[in-house]
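Number of protein chains: 2
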Amino acid sequence: MSKFTEAICYKSFGSVLNSLYLEPNCSVYHHSYKNGKDWVRIGFRATPINPSDINQIEGVYPVKPNTFPAVGGNEGVAQVLEIGQQVKDIKVGDFVIPRLSGFGTWRRETICDPACLFRVHKSIGLINAATVSVNLCSAYRMLHDYISLSQGSFYFTVRQDDVVIQNAANSGVGKAIIQICKHKKIKNINVIRKRETTEESNALMNHLKQLGSSMTVFEDDLINNVNKVQEQIMEHFKVLPILGLNAVGGENSTNIFRLLNKNGAMVTYGAMSKKPIKLPTGPFIFDNKKCFGFWMSQWYSDSQNNSKRSEMMNDICSMIEKRALSTLDYKLYSYKDYQRANPRLY
Amino acid sequence: MSKFTEAICYKSFGSVLNSLYLEPNCSVYHHSYKNGKDWVRIGFRATPINPSDINQIEGVYPVKPNTFPAVGGNEGVAQVLEIGQQVKDIKVGDFVIPRLSGFGTWRRETICDPACLFRVHKSIGLINAATVSVNLCSAYRMLHDYISLSQGSFYFTVRQDDVVIQNAANSGVGKAIIQICKHKKIKNINVIRKRETTEESNALMNHLKQLGSSMTVFEDDLINNVNKVQEQIMEHFKVLPILGLNAVGGENSTNIFRLLNKNGAMVTYGAMSKKPIKLPTGPFIFDNKKCFGFWMSQWYSDSQNNSKRSEMMNDICSMIEKRALSTLDYKLYSYKDYQRANPRLY
């Protein structure tokens, strides 16, 4: 087979402004495809831009392309256009997403080994399918893997006293966390930065409340008066949070760690403030608190998680079908508008 | 029964200088003993002074006495002097240690519920028995519970590439860690502070080497040139440490965290620098590193650990009997010399 397609590529690491270009004649062979193996031809229908996609082009992300020029993009949904004779479990017309990071999803078509793909329910729609594997799955795993959250239905007995706290609550992952918490009946405290006007702040708080937020806290209050925030939490929930999700770092994360209950865990998945995590020793030792890092790409690359992945995807698709969970804010751009699509380029 | 004994007590929280006194007529009933229950009369033979015993008297330690005046001391070995009719598993003459913190061990005698006591092998000798439950057991658990150390015989397959790094290596716990590592064939890197003279520093390094240290690193070098330390470690061991044990905090712990291999864990059990732990976010997220706190008292108070405790004690006693492990530096004082015995009092 010899076929060419449109793709957004980069020839070397660098700023997206200088490095990215639209390649009209990109070879459709995915680097993981080898002759003799079974094959699937897929056509991408929607692929998002994540901050990590940009970091990857800049060369500062641990996932790096095998060769240059490389096709950008790690996530996206494709439809199966054609399959080799031996291919089972995948049919023409199916929705598929890449199994691992580094696939290069910003292209119209590619041919690859079916083992590189993961089938998703068509019923969840193109946009959710395109964005399910990073933000929605990150939210799901962090709520699932570090603390046995007892209130939700994560295989545990329902109790009335589990609370989660997160910062960057207005991010894609943040909003997914709120929605999953609401669906699983987990109480959630959401730390956001104050907006420019009170009206804008109130509007954001209301938006998060509608998604399922039990309480919103401004970052300034968390940093300047953690004791008062603690009082408010105790008044509201009668118990401190058992799980903290941190994508910010700095003083914000220090105080999230402080606010955790005994035996609580803080999971870090981002560092928006670019400041390190500073933690007091006492809570580690005497309150048996724990700190973990989470990286969705790492989780996917661990083959031990394969069966958990299908289970998670079924659970997430079922939430999407029930309209309990969805990718919220997006704008659609065509490939030729790739420069407008990237918020760092205009 | 009505009986009185000599004890070192305190009437309220405060400095050891003002609060501690020698009580010649302390009632022998331990607060956990209740009438009607079975009883054991024990005579303490040796009880150590730990920094946490002092913090407890100052009121800044989470273990607090139920009533005042309180008897000081959390650890020590006693001999069984007399037993109630129903008492099984404990015989007159046995060596016993308190099962939990807060027992009040700085007294000649007490009567208590046999459930408060844990029997130890007589063969390990008075001094090791008196100090086994804090320092030696802390070292054992931290090496055991956070990483599946594969080189030693901790129920895992022997491999040639596991390395542990610790600071405060010259402390009681630190030296126990070195000895256990040597016995279990775990390579160990020991961070110490430079002494006043080169001779003293060399003497300390030699002392640790004799105990089983594979490599010694000065704190200054760790803080000022972590890259060079990393090169030395790679040259020496071909691999970075998988477990870091931290009793210091501050920059020292930041760099121990940095030096850990992928999937590594840092366990914090002390904060000698009184500085918080500052951790870069990248290693958390991309290297899947983890941070835990460890507190021996907490571990003992969790009844799930009861069976592990006997197993640990058998293993430790066997190491002591083989002369692979021991409490190293000590001075003996009589009760009447309690002021001289306390390093903060003279």
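Respectively, the protein sequence lines represent chains A and B.
The first sequence begins at 1 in our numbering and counts up by one.
The second sequence begins at 347 in our numbering and counts up by one.
Ideal Cβ placement from N, Cα and C applies to all residues, glycine included.
Everything numeric in this text was worked out from a predicted model, so none of it was measured.
Within chain B, partners of residue i - CB distance below 7 Å
{"i": "residue 116 of chain A", "result": "Near residue 116 of chain A there are no residues of chain B at all, since even the closest Cβ is about 22 Å away, more than 7 Å."}
Same chain, Cβ closer than 6 Å to residue i, neighbours up to 5 away in sequence not counted
{"i": "residue 501 of chain B", "result": "With a pLDDT of 39 at residue 501 of chain B, under the threshold of 50, the predicted position of this residue should be treated as unreliable, though the coordinate-derived value follows. Cβ neighbours of residue 501 of chain B beyond the five flanking positions: none."}
{"i": "residue 139 of chain A", "result": "173, 176, 177 and 180"}
{"i": "residue 684 of chain B", "result": "354"}
{"i": "residue 160 of chain A", "result": "With a pLDDT of 48 at residue 160 of chain A, under the threshold of 50, the modelled position of this residue cannot be trusted; read the value that follows with caution. Around residue 160 of chain A: no qualifying Cβ."}
{"i": "residue 5 of chain A", "result": "26, 28, 107, 108 and 109"}
{"i": "residue 294 of chain A", "result": "142, 267 and 269"}
{"i": "residue 673 of chain B", "result": "473, 474 and 477"}
{"i": "residue 278 of chain A", "result": "254"}
Cβ-based neighbour list, residue i, same chain, cut-off 7 Å, excluding 5 preceding and 5 following
{"i": "residue 529 of chain B", "result": "665, 670 and 671"}
{"i": "residue 479 of chain B", "result": "421 and 443"}
{"i": "residue 679 of chain B", "result": "686 and 687"}
{"i": "residue 55 of chain A", "result": "61"}
{"i": "residue 255 of chain A", "result": "222, 223 and 226"}
{"i": "residue 541 of chain B", "result": "547 and 550"}
{"i": "residue 146 of chain A", "result": "243, 265, 267 and 292"}
{"i": "residue 49 of chain A", "result": "341 and 342"}
{"i": "residue 68 of chain A", "result": "11 and 12"}
{"i": "residue 321 of chain A", "result": "123 and 124"}
{"i": "residue 288 of chain B", "result": "Absent from the model: residue 288 of chain B. The displayed extent of chain B is 347 to 692, so no value can be given."}
{"i": "residue 153 of chain A", "result": "Reliability of the predicted coordinates at residue 153 of chain A is poor, the pLDDT of 38 falling under 50, and the value obtained from them is presented with this limitation in mind. Answer for residue 153 of chain A: 184, listed in chain order."}
{"i": "residue 350 of chain A", "result": "Any question about residue 350 of chain A goes unanswered here, given that chain A covers just 1 to 346."}
Counterpart residues of residue i in DSSP-defined beta bridges
{"i": "residue 189 of chain A", "result": "A:165 and A:215"}
{"i": "residue 527 of chain B", "result": "Paired residue(s): none; residue 527 of chain B is not in a bridge."}
{"i": "residue 16 of chain A", "result": "BP columns for residue 16 of chain A are empty, so no partner."}
{"i": "residue 26 of chain A", "result": "A:5"}
{"i": "residue 403 of chain B", "result": "According to DSSP, which records beta bridges pairwise, residue 403 of chain B is partnered with nothing at all."}
{"i": "residue 413 of chain B", "result": "Answer is none; residue 413 of chain B lacks a bridge partner."}
{"i": "residue 111 of chain A", "result": "A:29 and A:41"}
{"i": "residue 444 of chain B", "result": "B:463"}
{"i": "residue 21 of chain A", "result": "A:9"}
{"i": "residue 46 of chain A", "result": "A:77"}
{"i": "residue 82 of chain A", "result": "A:41"}
Within chain A, partners of residue i - CB distance below 7 Å
{"i": "residue 512 of chain B", "result": "Here the premise fails: no neighbours, minimum Cβ distance about 15 Å."}
{"i": "residue 614 of chain B", "result": "281, 284 and 285"}
{"i": "residue 644 of chain B", "result": "288"}
Chain B contact residues for residue i, given Cβ-Cβ distances below 8 Å
{"i": "residue 249 of chain A", "result": "627"}
{"i": "residue 271 of chain A", "result": "627, 628 and 631"}
Chain A contact residues for residue i, given Cβ-Cβ distances below 9 Å
{"i": "residue 639 of chain B", "result": "281, 282, 283, 284, 285, 286, 287, 288, 289 and 290"}
Contacts that residue i makes with chain A (C-beta to C-beta distance below 8 Å)
{"i": "residue 408 of chain B", "result": "286"}
Proximal residues of chain B, C-beta to C-beta of residue i below 9 Å
{"i": "residue 276 of chain A", "result": "600, 624, 625, 626 and 627"}
Spatially closest choice to residue i from the options, by CA coordinates
{"i": "residue 358 of chain B", "options": "B:351, B:367 and B:352", "result": "B:367"}
{"i": "residue 575 of chain B", "options": "B:535, B:405 and B:552", "result": "B:535"}
{"i": "residue 272 of chain A", "options": "A:24, A:167 and A:289", "result": "A:167"}
{"i": "residue 185 of chain A", "options": "A:211, A:10 and A:198", "result": "A:211"}
{"i": "residue 51 of chain A", "options": "A:258, A:232, A:286 and A:171", "result": "A:171"}
{"i": "residue 219 of chain A", "options": "A:169, A:233 and A:206", "result": "A:169"}
{"i": "residue 693 of chain B", "options": "B:426, B:608, B:631 and B:626", "result": "Because residue 693 of chain B is not part of the residues shown, which for chain B are 347 to 692, the question remains open."}
{"i": "residue 88 of chain A", "options": "A:111, A:39 and A:46", "result": "A:39"}
{"i": "residue 606 of chain B", "options": "B:623, B:621 and B:579", "result": "B:579"}
{"i": "residue 309 of chain A", "options": "A:231, A:117 and A:91", "result": "A:117"}
{"i": "residue 299 of chain A", "options": "A:236, A:165, A:144 and A:206", "result": "A:144"}
{"i": "residue 349 of chain B", "options": "B:365, B:376, B:561 and B:363", "result": "B:376"}
{"i": "residue 416 of chain B", "options": "B:449, B:631 and B:623", "result": "B:449"}
{"i": "residue 285 of chain A", "options": "B:389, B:391, B:370 and B:409", "result": "B:409"}
{"i": "residue 44 of chain A", "options": "A:81, A:257, A:187 and A:164", "result": "A:81"}
{"i": "residue 461 of chain B", "options": "B:657, B:647, B:481 and B:676", "result": "B:647"}
Beta-carbon proximity list for residue i, same chain, < 8 Å, skipping 5 on both sides
{"i": "residue 466 of chain B", "result": "423, 441, 442, 443, 475, 478, 659 and 663"}
{"i": "residue 682 of chain B", "result": "368"}
{"i": "residue 405 of chain B", "result": "359 and 360"}
{"i": "residue 598 of chain B", "result": "513, 537, 565, 568, 569, 592 and 619"}
Cβ-heavy atom distance, residue i to the ligand FAD, below 7 Å
{"i": "residue 313 of chain A", "result": "For the ligand FAD, the structure offers nothing, since it holds no ligand at all."}
(message) Please give me, in chain order, every unbroken run of the beta strand (DSSP E) with length at least 3 that falls completely inside the region 218–255 of chain A.
(response) Entirely contained in the region 218–255 of chain A, the beta strand (DSSP E) runs reaching 3 residues are, in chain order, 243–246.
(message) Give the list of continuous beta strand (DSSP E) stretches no shorter than 3 residues that lie fully inside the region 254–329 of chain A.
(response) 265–268, 277–279 and 290–293
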